[in-house]
Amino acid sequence: MKEEIKKEFKKYSSKGKATIRSRFFKTGRGEYGEGDIFIGISIPNTKAIVKKYQKDISIRNTLLFLKNPIHEYRSFALGVLRYKYSKADKRGKKKIVDIYLENVEYINNWDLVDCSAPHILGDYLLDKDRFVLYELAKSDHLWSQRISILSTFAFIRVNDFKDTLKISKMLFNHKHDLMHKAVGWMLREVWKRDSDIVEKFIIENYKDIPRTTLRYAIERMEEEKRQRFLKGVF
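Under the numbering used here, the letters of the sequence shown match residues 1387 to 1620, in that order.
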């Protein structure tokens, strides 16, 4: 089945798209995606391959794709894990979450985190202790830190905001703009459900919030109010 799947990928690959996606995901020296390899497959085509094989591919073979240097293979593997998690019983879900956490080093670009963390780790932790997210947030690994904040999207969807706010504060001093955007995005998602709690949070932490985070968080505000928040006039 592995070779069959690889043939599917080859059928949809494009050198032109590979070049474009390599630039978009910053794979150059010193960039956040340094060394990542693309073969130029669109997201819809990757999803189609996931849908075709998600039921029949084994976890073992899925992991071989997750550990592959080709970005689209890793995206495929995470799509499969997301499907298998959704269909698993309690014990099966734990197994997939354990696999996810053991292989964080391969979940190494923002799209890979965003398509998997809320749906696997976040969902699993809805009714459990969330200490692992704080450990990830305290790590020196960019993608582990992004997993920590994106996983809280699952909590946000059920109107549970406390961990999003706590982890956001932990990541205010992060050096990377990608994290500032991720934190701002999650704060905006909270704001859409409870504007008061986010506005209070911003006012209390205004001096520490990165500008990018602030802009993302208040993006949906009425314009006059948004300008006041940008200027710190409350």
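Built from N, CA and C at the ideal position, the CB exists for glycine as well. Just so you know, these numbers come straight off a predicted model, no measurement behind them.
(message) Please tell me whether Glu1575 and Ile1542 are closer than 7 Å, where the distance is taken between their beta carbons.
(response) Contact: yes.
Asp1621, buried or exposed, once every other Cβ within 10 Å from all chains shown has been counted against 16: Coverage of the chain is limited to positions 1387 through 1620, which leaves residue 1621 absent and any answer about it impossible.
To the nearest angstrom, report how far apart Met1556 and His1566 are at their CA atoms.
Spanning the alpha carbons of Met1556 and His1566 requires a straight line of approximately 11 Å.
Subject >> Expected contact under 8 Å - CB spacing of Tyr1592 and Gly1570 to nearest Å >> reply: That pair is no contact at about 14 Å.
- prompt: Any idea if Gly1416 is buried or exposed, counting beta-carbon neighbours within 10 angstroms, 16 or more meaning buried?
  reply: Counting Cβ neighbours within 10 Å, Gly1416 comes out exposed, since fewer than 16 surround it.
Rounded to whole angstroms, what is the Cα-Cα separation between Asp1509 and Val1466? If I take the Cα positions, the gap works out to 16 Å.
Q) Any contact of the region 1429-1449 with the region 1459-1474, i.e. 3+ C-beta pairs under 8 Å? A) Output reads yes: the region 1459-1474 touches the region 1429-1449.
Open item on the list: On a Cα-Cα basis, can you pick out the residue from Asp1546, Leu1573, Glu1420 that is closest to Phe1558?
Closed with: Comparing Cα positions, the closest option is Leu1573.
- Helix, strand or coil at Ile1583 [DSSP, three-state]: DSSP, reduced to helix, strand and coil, places Ile1583 within a helical segment of the structure shown.
- Decide if Arg1532 is buried, meaning its Cβ has at least 16 other Cβ atoms within 10 Å, or exposed. Classified as buried, Arg1532 has 16 or more neighbouring CB atoms from the shown chains inside 10 Å of its CB.
| What span of residues does the alpha helix (DSSP H) with Asp1594 cover, start to end? | Note, Asp1594: premise wrong, no alpha helix (DSSP H); not H, not E.
State the beta-bridge partners of Ile1423 as determined by DSSP.
-> DSSP, once it has assigned bridges, lists Ile1456 as partnering Ile1423.
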